[in-house]
Amino acid sequence: MQSSLKKSLYLGLAALSFAGVAAVSTTASAKSYATAGAYSTLKSDATTRNVEATGTNALYSKPGTVKGAKVVASKATMAKLASSKKSADYFRAYGVKTTNRGSVYYKVVTMDGKYRGYVYGGKSDTTFAGGIKSASTTTTATTPATKTYYLAKPGTTNTLWTAPKYTQYKASKVINSTEALASDQFVVDSAATKTREGSLYYHVTDQTNKSISGWIYAGALQTTPSNSALAKKGITVNYIDQTTGKAVKSGVIVTTDGATAGGDITADQATALNGLIGNATNLPKGYTLVSTTPVAATSSTTAAGNKFGDTVNVTVAPNAAAGITVSALNGVNATTGVTTNLLDAANFASDATTTTKAAENFLANYTGAKDSISSQSDLSAALTSAKLDAVFVPQMTTGETPAQATDANGNKLFTKYALNTQLLPTSAVFGGNVTLYYTSTGTYAQTNGSSSMTEVK
């Protein structure tokens, strides 16, 4: 009996001991979680709640120390968002919870909506700290001196926004397509640069419909109407070389006389357009108009003719090749300041081997299509090649029978004039004239029987 009681007591104590050990073990391994207080919506101005990750804390589905919190964006991912060069990776803070341990967690979402969750924000619900910090998504830029612009490429790309894209949460398009605004003028009133990308934006207002305003990428504007806008109220012209059949120039010709996009062209408007098509400023350089009246007025009876927005092909013929003539060589004496036309001198030499030269035709072999333009640099190179970057004008004696002056050794004396390249015309027309300017640089002697020139000191 006692033996049975001992065994029973022993087994009972053993079971009690095991249960006690199990209870102690369970208590020791249980994780201690924080509890979060009530959710509060942040009510300060939304633009003051733009933040960026610091990379020190992960983003969670709940405050990170609360039971059931799951990682939305790891600490490594948050570090990448912190160093990102994209405005889409900024955050907007919009809610807050505080745990029973005094830790503040802000509810945030990226500007593109990709990541949303709670991030540790320090110990204060009025200051961003810990895993986020305040961010300036844009910086103020200088408003341009030119205030009036047109759309460079009207359409669905680079339209107007309520704020530069991703610099504010849920920034949206003011208008989906700007094609209908192609002819409208826009006035700039402020400018800003996206902090991360560095791209410049202007805030503009449509002067035709002032209810349309917003932010647009500065590169999407230009100071003149776009070709697509002009084309609707004008005529697109292809100038066709009659010798090759190929277009040598294309452009839009417009008249300000009551043009309506897609509208009929009156007889007066057709006359004005044809005059503009044949104008020298519109014709391709070096070509003459062959077509006489490429644009015809719209006929109300036969529907023949053109409408605004049409395209016409215009035949042109290439001009004959021509040179450039020198009308004057103006030599300025550096000592006296007196200017003389060196072409009036009885003789002159462009170099030591030539004492007489017909300067009027010095560019006879420098030719191009008549009326086409030669640049200043090309003209300078041609003058140098013709050895007219400097000219030597004979010094003459005075008296009843002037003769070329000589030195004590009988060597002929010349005044050297150097071409003033700064006074060259910025452009010259083949078949036209140019005036050249030279400045005296000193006296030179030509040794008898020699072609060399030596400066007289």
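Just add 1448 to wherever you are in the sequence shown, counting from 1, and you've got my numbering. Ideal Cβ placement from N, Cα and C applies to all residues, glycine included. Only a predicted model underlies this, so the values are computations on that prediction, with no experimental measurement involved.
In chain order, what residues of the same chain have a beta carbon less than 7 Å from the beta carbon of residue i, not counting five sequence neighbours either side?
i     : result
T1672 : Y1598
L1648 : A1589, A1639, T1641 and A1666
K1518 : Y1508 and S1509
I1623 : T1607, L1608 and I1660
N1896 : G1858 and N1859
P1766 : D1689, T1691, G1734, Y1735 and A1817
T1741 : N1722
V1472 : In this prediction, V1472 scores a pLDDT of 39, lower than 50, which makes its location untrustworthy; the coordinate-derived value is nonetheless stated afterwards. So the list is empty, once near-sequence residues are dropped.
L1643 : Reading the sequence as shown, one finds Thr at residue 1643 and not Leu. Correct list, in chain order: S1584, T1585, T1586 and T1587.
By the three-class DSSP mapping on this structure, what secondary structure does residue i have?
i     : result
D1654 : strand
I1725 : helix
S1627 : Per the sequence shown, the amino acid found at residue 1627 is Glu instead of Ser. Here E1627 sits in helix by DSSP.
L1678 : helix
T1902 : strand
K1733 : coil
M1526 : helix
Q1717 : helix
Q1824 : helix
S1833 : helix
D1758 : coil
L1871 : helix
L1790 : helix
Can you grab the Cα-Cα spacing for the pair residue i / residue j, in whole Å?
i     : j     : result
K1571 : A1501 : 17 Å
S1584 : K1613 : 14 Å
G1516 : G1550 : 19 Å
G1753 : V1762 : 15 Å
T1610 : N1675 : 27 Å
A1851 : M1901 : 19 Å
T1489 : G1543 : 4 Å
A1527 : K1697 : 54 Å
V1556 : E1645 : 22 Å
M1844 : A1853 : 5 Å
T1591 : V1552 : 41 Å
S1833 : D1826 : 11 Å
T1783 : N1730 : 46 Å
G1785 : T1815 : 34 Å
Does the beta-carbon of residue i have 16 or more other beta-carbons within 10 angstroms, so that it is buried, or is it exposed?
i     : result
Q1655 : exposed
A1806 : No answer about A1806 holds up, because its pLDDT of 42 lies below 50 and its placement is not dependable.
Y1487 : exposed
N1859 : buried
A1679 : buried
T1626 : buried
T1615 : buried
V1567 : buried
L1871 : exposed
D1716 : exposed
K1818 : buried
S1492 : exposed
T1586 : buried
S1820 : buried
S1456 : With a pLDDT of 42 at S1456, under the threshold of 50, the modelled position of this residue cannot be trusted, and the question is left open.
N1727 : exposed
S1535 : buried
N1498 : buried
K1545 : buried
T1746 : buried
N1505 : buried
If I'm right that residue i touches residue j with Cβ under 8 Å, what's the distance once you round it to whole angstroms?
i     : j     : result
Y1684 : V1700 : Note that residue 1684 is Thr in the sequence shown, not Tyr. Contact holds; Cβ gap of about 5 Å.
L1629 : V1774 : Wrong, their Cβ atoms sit about 52 Å apart, outside the cutoff.
Q1690 : V1738 : 6 Å
F1878 : G1723 : The Cβ separation is near 25 Å, so there is no contact.
V1743 : A1718 : 5 Å
T1558 : P1511 : About 19 Å separates the two Cβ atoms, so there is no contact after all.
A1866 : T1889 : 5 Å
Y1481 : V1520 : Actually they do not touch by this definition, with Cβ atoms about 18 Å apart.
K1755 : D1712 : 6 Å
G1578 : G1569 : 5 Å
V1514 : A1484 : 5 Å
A1776 : N1789 : 5 Å
Beta-carbon within less than 6 Å of residue i's beta-carbon, same chain only, minus the 5 sequence neighbours each way: which residues are those?
i     : result
S1822 : A1876
S1452 : For S1452, the predicted structure reports a pLDDT of 44, less than 50, and the residue's modelled location is therefore unreliable. A value from the coordinates is still provided. Result list for S1452: empty, nothing under 6 Å.
V1780 : T1787 and T1887
T1759 : T1684
Q1824 : L1872 and T1874
N1686 : A1695, S1698 and N1761
S1620 : T1610
A1668 : A1600 and N1606
L1529 : A1501 and D1537
T1604 : S1625
Between which residues of its own chain and residue i is the CB-CB distance below 8 Å, once the five residues before and five after are set aside?
i     : result
S1531 : G1503
D1855 : L1861, A1893 and V1904
G1710 : K1680, K1755, F1756 and G1757
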